[in-house]
Amino acid sequence: MIDEELLKILACPFCKADVALKDGKIVCLKCARKYPIKDGIPVMLIEEAECDETKDKK
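With the numbering used here, letter number 15 in the sequence shown gets 189, and the count goes up by one each step, no holes.
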């Protein structure tokens, strides 16, 4: 699905943290935003991400 080398260089555009592939989405390991993969291409746009609003509140 997503090349491991590509996954290693990707970072969350919101918080700049590392990401991982989980359940067919790119998931930020810090803020937990989930970025979709469309036609094999990660869509790393903040406005396209699914996010847990409770994690954003400090």
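Backbone N, C-alpha and C define an ideal beta-carbon position, used for all residues, glycine too.
Note that this is a predicted model, so its numbers are computed, not measured.
query	result
Compare the beta carbon distance of K204 and C189 with 7 Å and say whether it is the shorter of the two.	yes
Terminal residues of the continuous beta strand (DSSP E) containing K199?	K199 to C202
Mind checking A223: buried by the 16 CB within 10 Å criterion, or exposed?	buried
Between the Cα of R207 and the Cα atoms of I183, G214, A194 and D177, which residue gives the shortest distance?	A194
Measure the C-alpha to C-alpha separation of I220 and P187 and round it to an integer number of angstroms.	7 Å
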